[in-house]
Amino acid sequence: MEAEYRLTLNDLGDFSPSPEYNHIVGNVDYTLPPHDLALVIIRLTRFRSGDIFISLSIDAVADGPSAFHFVREWAALARGETLETVPFLDRKVLGAVAAVMAVGRCLLSSTGRGCSAAFSPHEIKFI
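Next comes the structure, spelled out in structure tokens:
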């Protein structure tokens, strides 16, 4: 979410809870069902003075090291540096991982005899 705010960053003072502070940080509506809640909420607020305020809310489902890595990589990009870990966005590899795991389970079963697997992009069937 991106927003512009009529105040300056100095108007927030020491960032103590206040209506203005709560407005730019935002809050999560925990009365919603869990499946309707976002896992990550990022709010970028631009102030009249040109300053920016970034608020990051991460659900407990996300682990701490991943959250820290995300913020560290984001900061590196903001400084014009290259990413330590380049995102890999090809979801097709998930099917290959599932296939390898299925074969592994088959081979680890009692004797592994008679194990063969047929793979398709959508499912794995043992024959």
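Per numbering that gives the first Met the number 0, the very first residue in the sequence shown carries number 0; after that it's consecutive.
Beta carbons are placed, not taken as given, at the ideal position from N, Cα and C, and that holds for glycine.
Residues near residue i by beta carbon distance below 8 Å, same chain, minus five either side
i     : result
ILE48 : Contrary to the premise, residue 48 reads as Ser rather than Ile in this sequence. Same-chain partners within the cutoff: THR7, LEU8 and ASN9.
Cβ distance (whole Å) where residue i is taken to contact residue j below 8 Å
i     : j     : result
VAL39 : ILE57 : 5 Å
Three-state secondary structure (DSSP) of residue i
i     : result
GLU19 : helix
ALA77 : helix
GLU72 : helix
LEU6  : coil
Buried versus exposed, by CB contacts within 10 Å (16 or more), residue i
i     : result
ILE23 : buried
THR81 : exposed
TYR4  : buried
THR30 : exposed
Start-to-end residues for the beta strand (DSSP E) that takes in residue i
i     : result
PHE52 : 51-57
VAL39 : 39-46
Neighbourhood of residue i by C-beta, 6 Å cutoff - its chain only, sequence neighbours within 5 removed
i     : result
LEU55 : ILE41
ASP50 : LEU8
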